[in-house]
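Novice: Taking the working numbering, I'd label the letters of the sequence shown as residues 135 to 898.
Here it is, the structure, as structure tokens.
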Amino acid sequence: MLVASVIVDIATRALDRPFNYLVPSQLVPSAQVGCAVSVDFGNRPVVGYIIELAEMDEARCAAVVGDISKLKPLLGVLSEPYFDTVSASLATWIAHEYLCTLPEALHLFTPPGGSPKVKRVEGEWQLVFPGVGPVDDRWAVLTEEASGFVPAKNAAKQQRVLEALSCGGMRVVELSALLGNVSATLKSLEKRGVVRIENRRHMRGAMPAVCGACCAADQLTQGQEHALAAIHATAAGETASNVVVLDGITGSGKTEVYLRAIDETLQAGKSAIVLVPEIALTPQTVGRFRARFSDDVAVLHSRLSAGERFDQWDLIRQGRAHVVVGTRSALFAPVADLGLVIIDEEHDSSYKQDNAPRYDARVVARKLTEMRGAMLILGSATPSIDTLASCAGGAHCERAWQRVVLGERPSGQPLPDVQIVDMAREFKGGSRSMFSQVLVDALAGVYERKEKAVLLLNRRGFASFVLCRECGFVPECPHCSTSLTYHERSATLVCHHCGHIEPMPATCPQCGSPYLRKFGAGTERVEAELRQVVPDDMPIIRMDADTTKAKGAHERLLGEFSASEGGILLGTQMIAKGLDFPDVTLVGVINADTTLKLPDFRAPERTFQLLEQVSGRAGRADKPGRVIVQTYWPEHPAILAAAAHDRELFLEQELPSREELGYPPYVRLANVLAWGRNEQAVRQVITELTLAINSSMISAGQEWEVLGPSPCLLSRLRGLYRWHTLIKAPVGADISAVIEPVLKARKVNDEVRIAVDIDPDNLF
Numbered sequence: 135m136l137v138a139s140v141i142v143d144i145a146t147r148a149l150d151r152p153f154n155y156l157v158p159s160q161l162v163p164s165a166q167v168g169c170a171v172s173v174d175f176g177n178r179p180v181v182g183y184i185i186e187l188a189e190m191d192e193a194r195c196a197a198v199v200g201d202i203s204k205l206k207p208l209l210g211v212l213s214e215p216y217f218d219t220v221s222a223s224l225a226t227w228i229a230h231e232y233l234c235t236l237p238e239a240l241h242l243f244t245p246p247g248g249s250p251k252v253k254r255v256e257g258e259w260q261l262v263f264p265g266v267g268p269v270d271d272r273w274a275v276l277t278e279e280a281s282g283f284v285p286a287k288n289a290a291k292q293q294r295v296l297e298a299l300s301c302g303g304m305r306v307v308e309l310s311a312l313l314g315n316v317s318a319t320l321k322s323l324e325k326r327g328v329v330r331i332e333n334r335r336h337m338r339g340a341m342p343a344v345c346g347a348c349c350a351a352d353q354l355t356q357g358q359e360h361a362l363a364a365i366h367a368t369a370a371g372e373t374a375s376n377v378v379v380l381d382g383i384t385g386s387g388k389t390e391v392y393l394r395a396i397d398e399t400l401q402a403g404k405s406a407i408v409l410v411p412e413i414a415l416t417p418q419t420v421g422r423f424r425a426r427f428s429d430d431v432a433v434l435h436s437r438l439s440a441g442e443r444f445d446q447w448d449l450i451r452q453g454r455a456h457v458v459v460g461t462r463s464a465l466f467a468p469v470a471d472l473g474l475v476i477i478d479e480e481h482d483s484s485y486k487q488d489n490a491p492r493y494d495a496r497v498v499a500r501k502l503t504e505m506r507g508a509m510l511i512l513g514s515a516t517p518s519i520d521t522l523a524s525c526a527g528g529a530h531c532e533r534a535w536q537r538v539v540l541g542e543r544p545s546g547q548p549l550p551d552v553q554i555v556d557m558a559r560e561f562k563g564g565s566r567s568m569f570s571q572v573l574v575d576a577l578a579g580v581y582e583r584k585e586k587a588v589l590l591l592n593r594r595g596f597a598s599f600v601l602c603r604e605c606g607f608v609p610e611c612p613h614c615s616t617s618l619t620y621h622e623r624s625a626t627l628v629c630h631h632c633g634h635i636e637p638m639p640a641t642c643p644q645c646g647s648p649y650l651r652k653f654g655a656g657t658e659r660v661e662a663e664l665r666q667v668v669p670d671d672m673p674i675i676r677m678d679a680d681t682t683k684a685k686g687a688h689e690r691l692l693g694e695f696s697a698s699e700g701g702i703l704l705g706t707q708m709i710a711k712g713l714d715f716p717d718v719t720l721v722g723v724i725n726a727d728t729t730l731k732l733p734d735f736r737a738p739e740r741t742f743q744l745l746e747q748v749s750g751r752a753g754r755a756d757k758p759g760r761v762i763v764q765t766y767w768p769e770h771p772a773i774l775a776a777a778a779h780d781r782e783l784f785l786e787q788e789l790p791s792r793e794e795l796g797y798p799p800y801v802r803l804a805n806v807l808a809w810g811r812n813e814q815a816v817r818q819v820i821t822e823l824t825l826a827i828n829s830s831m832i833s834a835g836q837e838w839e840v841l842g843p844s845p846c847l848l849s850r851l852r853g854l855y856r857w858h859t860l861i862k863a864p865v866g867a868d869i870s871a872v873i874e875p876v877l878k879a880r881k882v883n884d885e886v887r888i889a890v891d892i893d894p895d896n897l898f
């Protein structure tokens with residue numbers, strides 16, 4: 135008999151294990167690992183996924199499942215396989231490593247659209263994904279008999295239909311829009327064998343336009359040659375590790391290396407996945423890849439509708455696209471015979487998911503490529519400290535990764551000169567503007583030469599907070615422990631965490647004073663003041679979370695900037711990396727201290743990376759670039775190192791501090807979170823959980839450092855109180871093995887929710 139191990143699609147730890155079901159003989163041909171099935175669970179039909187199939191005789195079956203008579207049969211097979219045994223094993227690993235449930239992990243590999251439902255239609259069980267599924271178009275096509283067919287003299291509509299179809303097939307809906315209702319006419323022509331009606335798959339959503347030509351470079355730099363040689367050696371199994379790190383300065387041609395590596399992967403009959411950190415990068419990146427690989431490219435990211443994501447996902451599953459480009463979740467695309475995974479801008483924090491399953495795409499990619507026998511390329515101009523530690527080997531990694539340095543640009547241009555402007559000195563000199571005189575003069579030069587500039591301010595809105603100068607009152611969000619941000623165009627106060635909006639008061643709600651002052655500067659305010667210092671006809675294009683809300687806004691804004699003759703691209707960190715505009719000669723950083731002063735141990739590293747990345751937007755072609763960094767902390771090592779393009783200068787200061795304080799890459803972290811509407815209940819739960827974890831550690835013979843419990847930095851979010859406990863373990867320790875028994879033994883508490891973030895990217 136054939137027995138299926140099934141994960142029921144109910145995300146609760148009490149049911150977080152496989153259940154055995156008998157596969158009826160009539161379902162044996164269609165039952166495969168990865169299929170969605172309908173099973174009887176608790177006397178109701180639910181959806182499940184087969185993760186294993188085993189042929190058993192009665193004796194073995196009795197030994198495995200006990201009483202055979204209690205083994206329920208599958209009710210029905212609902213789909214073709216969504217994943218294979220390797221993906222099922224990877225999902226099991228993700229569930230353990232990141233302490234999520236098996237259904238949550240398996241959903242990474244199933245079609246987009248959320249949890250499916252099962253329903254019975256005309257005696258058969260069917261799978262229903264909310265709002266998604268394939269859509270067929272009806273097409274009218276002339277047959278061979280049409281060449282000899284002559285319509286009657288009074289059949290004018292038939293004649294017009296034949297004329298419309300003479301140049302090729304046409305969608306019936308388009309034909310109706312052109313000629314009016316043609317249903318009866320088409321039926322008549324179909325009966326005569328003149329027209330054939332076909333159902334063709336309709337692909338929703340227009341693909342991003344190709345951003346210019348992407349021809350292969352005539353000549354590679356020495357660094358690119360070395361990188362391709364390292365990739366060849368890794369693909370041939372000549373190296374200890376399957377990971378290659380491209381450590382290339384901005385504009386060094388990493389994309390050309392990616393393209394050539396993918397080309398060789400395709401020629402070997404395999405597929406490739408390319409991850410990018412920002413949706414803003416996807417249009418430009420997809421354009422380059424589609425220019426090189428035509429329609430063999432599919433795209434997956436969160437700005438696509440559920441139907442568009444399903445169509446792209448299904449295109450990949452059918453084997454009609456062998457190159458997948460997208461953000462984090464594209465890693466789980468159902469590609470056939472995976473040969474290569476590329477993670478561009480690998481240092482970026484967006485590769486860590488902040489809700490269940492809280493996986494790190496870089497770590498999962500390493501596991502995936504090991505299981506598939508594929509290769510992983512990590513590329514960045516500013517590799518993370520963790521990645522650099524893995525390249526060094528030792529306790530950080532079983533096998534040291536191969537690091538290849540790309541230290542020159544194909545254009546021959548050096549990295550742009552960086553000038554630090556001390557804004558405190560500007561203020562003492564009488565300047566009250568957010569723009570230094572150096573930056574104003576540089577923008578004037580860009581305008582005169584009809585060049586382009588990029589201005590970075592990593593804060594959206596008009597002002598970071600509003601303060602009453604009489605009593606000191608600051609309007610705060612009623613649901614989060616944070617101040618509200620003022621937005622000029624709508625004259626509203628907005629919480630950027632929960633979305634709460636309220637009108638800007640005319641007077642102080644606390645004392646009635648009319649003296650409400652706006653402090654701090656957001657991109658909206660920078661845009662308003664920028665228009666006062668540059669010529670009226672100089673285009674200013676603002677990109678932040680407010681201006682890119684609409685679908686297609688990224689493509690539209692980048693297209694406007696690309697097409698403009700001179701202009702300024704003003705935005706948050708989404709414009710700091712990956713974008714390639716050859717006519718950008720000036721980069722200005724309005725306030726380099728925004729990320730530097732965050733209470734997070736990675737703040738200096740992120741500041742250095744952000745400054746180095748945004749600096750690289752300038753001087754990428756034949757014109758030299760210039761970078762102006764405005765700061766109130768000009769002596770900080772991260773700023774000095776970025777200005778000198780000297781990573782070692784930064785690491786000399788940062789690594790000893792990390793080691794002394796006990797932070798990655800010298801330890802592993804786990805952040806145990808609890809949240810709920812009753813603060814006392816939250817505190818009690820996190821305290822009990824911390825004690826239980828301590829007991830589990832003692833039982834496992836571990837002496838790890840446990841900090842907390844304590845309130846989170848953002849102690850209240852969307853009306854929920856938040857507490858956490860931080861665990862520090864040695865590098866390589868299996869933290870999940872210690873915490874998992876505690877979570878499974880914990881009784882469900884509807885009042886307080888908990889989560890464990892393994893290897894957290896931030897501790898907010």
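We put the CB at the ideal spot given by N, CA and C, even for glycine.
Taking the alpha carbon of Arg740 as the reference point, which residue from Thr729, Gly750, Ser749 and Val748 has its own alpha carbon closest?
Specialist: Position 606 of the sequence shown, counted from the start, is the residue given in the question as residue 740. Of Thr729, Gly750, Ser749 and Val748, the residue nearest in Cα terms is Thr729.
Novice: With a Cβ-Cβ cutoff of 8 angstroms, do Arg802 and Ala863 count as a contact?
Specialist: By one-based count along the sequence shown, residue 802 stands at place 668. By one-based count along the sequence shown, residue 863 stands at place 729. Yes, these two residues count as a Cβ contact at 8 angstroms.
Novice: Cβ atoms of Glu839 and Gly796: under 8 angstroms apart, would you say?
Specialist: In the sequence shown, the residue the question calls residue 796 occupies position 662. In the sequence shown, the residue the question calls residue 839 occupies position 705. Taking 8 angstroms as the Cβ cut-off, Gly796 and Glu839 qualify as a contacting pair.
Novice: Where does Leu105 fall in DSSP's three states?
Specialist: As shown, the chain starts at 135 and ends at 898. That puts residue 105 outside it, with no answer to give.
Novice: What is the DSSP secondary structure of Met831, reduced to helix, strand or coil?
Specialist: Taking the sequence shown and counting its residues from 1, one reaches residue 831 at position 697. Three-state DSSP puts Met831 in a helix.
Novice: When you compare the CB positions of Pro875 and Ser844, do they come within less than 8 angstroms of one another, or not?
Specialist: For the purposes of this step, residue 875 is taken as residue 741 along the sequence shown, with counting starting at 1. For the purposes of this step, residue 844 is taken as residue 710 along the sequence shown, with counting starting at 1. Not in contact: Pro875 and Ser844 (Cβ atoms no closer than 8 angstroms).
Novice: Going along the chain, which residues of its own chain have a beta-carbon closer than 6 angstroms to the beta-carbon of Leu161, five neighbours each way excluded?
Specialist: The count along the sequence shown starts at 1 and reaches residue 161 at position 27. These residues qualify, in order along the chain: Leu208 and Val211.
Novice: In the DSSP assignment, find the unbroken beta strand (DSSP E) run with Phe784 in it and report its ends.
Specialist: Here residue 784 corresponds to residue number 650 of the sequence shown, with the count starting at 1. From DSSP, Phe784 is part of no beta strand (DSSP E) but of the alpha helix (DSSP H) over Arg781 to Leu795.
Novice: Give me the Cα-Cα distance between Pro284 and Ala274, rounded to the nearest whole angstrom.
Specialist: One-based indexing of the sequence shown puts residue 284 at position 150. One-based indexing of the sequence shown puts residue 274 at position 140. Position check: residue 284 holds Val in this sequence, whereas Pro was assumed. So the alpha carbons of these two residues sit roughly 18 angstroms apart.
Novice: For Lys253, write down the residues that DSSP places opposite it in a beta bridge.
Specialist: The residue you call residue 253 lines up with position 119 of the sequence shown. DSSP, once it has assigned bridges, lists Gln260 as partnering Lys253.
Novice: Quick one: what's got a C-beta closer than 7 angstroms to Asp494's C-beta in the same chain, skipping five residues either side?
Specialist: Mapped onto the sequence shown, residue 494 falls at position 360. Excluding sequence neighbours, Asp494 sits near Tyr485, Lys486 and Asp893.
Novice: Residue ranges of each alpha helix (DSSP H) run of no fewer than 4 residues wholly in the region 592 to 632, ordered along the chain?
Specialist: Complete alpha helix (DSSP H) runs here, min 4: none at all.
Novice: Where does Pro843 sit, in a helix, a strand or coil, going by DSSP?
Specialist: Looking up residue 843 in the sequence shown gives position 709. Strand.
Novice: Cα-Cα, which of Tyr216, Val721, Ile861 and Gly176 is closest to Pro468?
Specialist: Start at 1 with the first residue of the sequence shown, and residue 468 comes out as number 334. Among Tyr216, Val721, Ile861 and Gly176, the Cα nearest to that of Pro468 is on Tyr216.
Novice: Looking at Leu320: is its Cβ nearer than 8 angstroms to the Cβ of Ile331?
Specialist: Position 186 of the sequence shown, counted from the start, is the residue given in the question as residue 320. Position 197 of the sequence shown, counted from the start, is the residue given in the question as residue 331. Taking 8 angstroms as the Cβ cut-off, Leu320 and Ile331 qualify as a contacting pair.
Novice: What are the complete alpha helix (DSSP H) segments, minimum 4 residues, inside the region 164 to 247?
Specialist: Complete alpha helix (DSSP H) runs here, min 4: 192 to 199, 219 to 231 and 236 to 240.
Novice: Give me, in chain order, the residues of the same chain whose beta-carbon lies closer than 8 angstroms to that of Asp448; leave out the 5 immediate sequence neighbours on both sides.
Specialist: Locating residue 448 in the sequence shown gives position 314, counting from the first residue. Result list for Asp448: Pro245 and Pro268, in chain order.
Novice: In chain order, what residues of the same chain lie with their CB nearer than 8 angstroms to the CB of Ala298, ignoring the 5 residues before and after it?
Specialist: Reading the sequence shown from its first residue, position 164 is the one you call residue 298. If we look at Ala298 and ignore the five residues flanking it on each side, its Cβ neighbours are Met304, Leu309, Leu312 and Leu313.
Novice: Buried or exposed, going by whether 16 or more other CB atoms sit within 10 Å of the CB of Asp891?
Specialist: The residue labelled residue 891 in the question sits at position 757 within the sequence shown. Asp891 is buried by the Cβ-count criterion.
Novice: Please classify Gly473: does DSSP put it in a helix, a strand, or coil?
Specialist: Mapped onto the sequence shown, residue 473 falls at position 339. Residue state, collapsed to three classes: strand.
Novice: If you drop the 5 nearest sequence neighbours on each side, which residues of the same chain put their C-beta closer than 7 angstroms to that of Ala499?
Specialist: Indexing the sequence shown from 1 puts residue 499 at position 365. Answer for Ala499: Leu465, Val475, Ile477 and Leu510, listed in chain order.
Novice: Helix, strand or coil, according to DSSP, for Lys711 in the structure here?
Specialist: If you number the sequence shown from 1, residue 711 lands on position 577. In the structure shown, Lys711 sits in coil (DSSP, three-state: anything other than H, G, I, E or B).
Novice: Alpha carbon to alpha carbon, how far is His428 from Val459?
Specialist: Numbered from 1 along the sequence shown, position 294 holds the residue referred to as residue 428. Numbered from 1 along the sequence shown, position 325 holds the residue referred to as residue 459. According to the sequence shown, residue 428 is Ser rather than His. The alpha-carbon atoms of Ser428 and Val459 are separated by roughly 13 angstroms.
Novice: Take Trp809 as the anchor and find which of Ile861, Arg583, Glu279 and Thr821 has the nearest alpha-carbon.
Specialist: By 1-based counting over the sequence shown, the position of residue 809 is 675. For the residues Ile861, Arg583, Glu279 and Thr821, the minimum Cα distance to Trp809 belongs to Thr821.
Novice: From the DSSP output, in three-state form, read off Lys486 for me.
Specialist: For the purposes of this step, residue 486 is identified with residue 352 of the sequence shown, where counting begins at 1. Here Lys486 sits in strand by DSSP.
Novice: Can you name the residues that DSSP bridges to Asn154?
Specialist: In the sequence shown, the residue the question calls residue 154 occupies position 20. Its beta-bridge partners are Ser139.
Novice: Decide if Cys234 is buried, meaning its Cβ has at least 16 other Cβ atoms within 10 Å, or exposed.
Specialist: Looking up residue 234 in the sequence shown gives position 100. Classification for Cys234: buried.
Novice: At which residue ranges does the region 737 to 779 contain complete alpha helix (DSSP H) runs of 4 or more residues, listed in the order of the chain?
Specialist: Listed in chain order, they are 737 to 749 and 771 to 778.
Novice: For Arg880, which three-state DSSP category applies?
Specialist: As a position in the sequence shown, residue 880 is number 746, starting the count at 1. In this structure, Arg880 counts as coil in the three-state DSSP scheme.
Novice: Provide the residue span of the beta strand (DSSP E) that contains Ser514, from first to last.
Specialist: For the purposes of this step, residue 514 is identified with residue 380 of the sequence shown, where counting begins at 1. First-last of the beta strand (DSSP E) with Ser514: Met509 to Ser514.
Novice: Who are Ala432's beta bridge partners in DSSP?
Specialist: Translated into the one-based positions of the sequence shown, residue 432 becomes position 298. Paired residues: Val458.
Novice: Quick check: the Cα distance between Ile144 and Val173, rounded to an integer number of angstroms?
Specialist: For the purposes of this step, residue 144 is identified with residue 10 of the sequence shown, where counting begins at 1. For the purposes of this step, residue 173 is identified with residue 39 of the sequence shown, where counting begins at 1. Rounded to whole angstroms, Ile144 to Val173 spans 12 angstroms at the Cα level.
Novice: Using a Cβ-Cβ cutoff of less than 7 angstroms, which residues in the same chain neighbour Asn812 once the five nearest sequence positions on both sides are dropped?
Specialist: Within the sequence shown, the letter at position 678 stands for residue 812. These residues qualify, in order along the chain: Glu885.
Novice: Closer than 6 angstroms by C-beta to Phe898: which residues in its own chain qualify, once you throw out the five before and the five after it? Chain order, please.
Specialist: Here residue 898 is taken as the residue at index 764 of the sequence shown, counted from 1. Same-chain partners within the cutoff: Leu847 and Leu848.
Novice: What did DSSP end up calling Glu636 once you bin it into helix, strand or coil?
Specialist: Here the question's residue 636 lines up with position 502 in the sequence shown. Here Glu636 sits in strand by DSSP.
Novice: If you reduce the DSSP assignment to three classes, tell me which class Ile724 lands in.
Specialist: Residue 724 sits at position 590 when you count from the first residue of the sequence shown. Ile724: coil per DSSP, three-state reduction.
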